[in-house]
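Residue numbers (the numbering used here), protein chains in the order written: chain A, 55 to 194; chain B, 55 to 194.
Just so it is clear, CB atoms sit at the ideal spot from N, CA and C, and this is done for glycine as well.
Note that the coordinates shown come from a computational prediction; the quantities given were computed from them, not determined experimentally.
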DNA sequence: ATGACACACGTTATATCGTTACGCAATGTG
DNA sequence: CACATTGCGTAACGATATAACGTGTGTCAT
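Below is the structure:
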């Protein structure tokens, strides 16, 4: 199991650069947006980005927003994918005007989702919860 | 408001064909899969499918699965987009093995999501809840 | 050491998903 | 009738994602 990184230290060069790009960004970035930001630093083709993203998502440092086909750095303070691990079960609140994304880890919600799956004998592997609309600032 | 269809009767020819394709299908279909199934019947290009899908989703006869980039016919018995309307707030349970999709309309979940949004003064417009894993049959 | 293997990476090409833009015909409304 | 609206057909393109292949580099059992 030496190939199981848990924190930023264990990232490869490309993974670190992609994570850096996402951390620096204000909001979510598409894979191609990441690619563009890293061209100066030697990135040339999509697979470089996608490979890094795959690992970062697996480890929990980055989340994929399905409804946006985009990615965000985990907002946990110094996140390293720990926390409520087992299943992530994070909800995202996404403003369609300013693109700001809020990450929410609500245990009541997690319980409900777990329950819904359990009732059907469904072996939950991954959950996607994304709430879209307008944030307070933008709906004012 | 004469342009607001509420049921299958009001669909145009293309919308009806796309809805038919989805209804006939066992599981979710991508837009291009729909296109392929309708080529015999005269469909030739993506916009024909996407335009029909846009309307069908708007009306609630069809749902988009964000995590699959695919579409399913609403499973409500003789669905016409009514029911808990206002916001849809439907959860989908998606088997990654057999691709079967179960539609769930859980009011506790809806309440919880509404609450999460409310706490942040977030004006909810659309929710995506997708649970992925293995259904009972497939995890046996 | 050396050969076998796994891993990260670079690169090209291709697959898949979705949209823009344009034109035309049918319909309905003043 | 003039004209707006709507649905439709088509071509071209843009955006997102993956396959496939090659290379170097480290580990490590032999």
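Whole-angstrom distance between residue j and residue i, CA atom to CA atom
i: residue 116(B); j: residue 82(B); result: 10 Å
i: residue 64(B); j: residue 66(A); result: 56 Å
i: residue 189(A); j: residue 149(B); result: 33 Å
i: residue 73(A); j: residue 110(A); result: 8 Å
i: residue 61(A); j: residue 114(A); result: 9 Å
i: residue 135(B); j: residue 119(B); result: Per-residue confidence for residue 135(B) stands at a pLDDT of 48, beneath the threshold of 50, marking its modelled position as unreliable; the derived number appears in the next sentence. Straight-line Cα distance between these residues: approximately 16 Å.
i: residue 147(B); j: residue 78(B); result: 19 Å
i: residue 169(B); j: residue 101(A); result: 40 Å
i: residue 125(B); j: residue 125(A); result: 22 Å
Cβ separation of residue i and residue j, assumed to be a contact under 8 Å, to the nearest whole Å
i: residue 76(B); j: residue 127(B); result: 4 Å
i: residue 121(B); j: residue 177(A); result: Actually they are not in contact, since the Cβ atoms of residue 121(B) and residue 177(A) sit about 16 Å apart, beyond 8 Å.
Beta-carbon contacts of residue i that lie in its chain and below 6 Å, excluding the five residues immediately before and after
i: residue 181(A); result: 143 and 167
i: residue 174(B); result: none
i: residue 89(B); result: 97 and 103
i: residue 41(A); result: Residue 41(A) falls outside the range modelled here, since chain A spans only 55 to 194, and no answer is possible.
i: residue 91(A); result: 75
i: residue 112(B); result: none
i: residue 151(A); result: 188 and 192
i: residue 269(A); result: There is no way to answer for residue 269(A), as the model of chain A reaches only from 55 to 194.
Neighbourhood of residue i by C-beta, 8 Å cutoff - its chain only, sequence neighbours within 5 removed
i: residue 138(A); result: Low confidence applies here, because residue 138(A) scores a pLDDT of 42, under 50, leaving its location unreliable; read the following figure in that light. Hits under 8 Å: 159, 161 and 164.
7 Å CB neighbourhood of residue i in its chain, flanking five on each side removed
i: residue 145(B); result: 158, 160, 163, 183 and 185
i: residue 123(B); result: 84
Selected residue, minimal CA-CA separation from residue i, among the options
i: residue 68(B); options: 78(B), 84(B) and 107(B); result: 107(B)
i: residue 99(B); options: 109(B), 172(B) and 87(B); result: 87(B)
i: residue 105(B); options: 70(B), 170(B) and 151(B); result: 70(B)
i: residue 141(B); options: 151(B), 171(B) and 78(B); result: 171(B)
For the structure I just gave you, are there three or more beta carbon pairs, one from the region 154–162 of chain B and one from the region 93–100 of chain B, closer than 8 Å? no
Do three or more CB pairs link the region 181–191 of chain A to the region 177–193 of chain B at distances below 8 Å? yes
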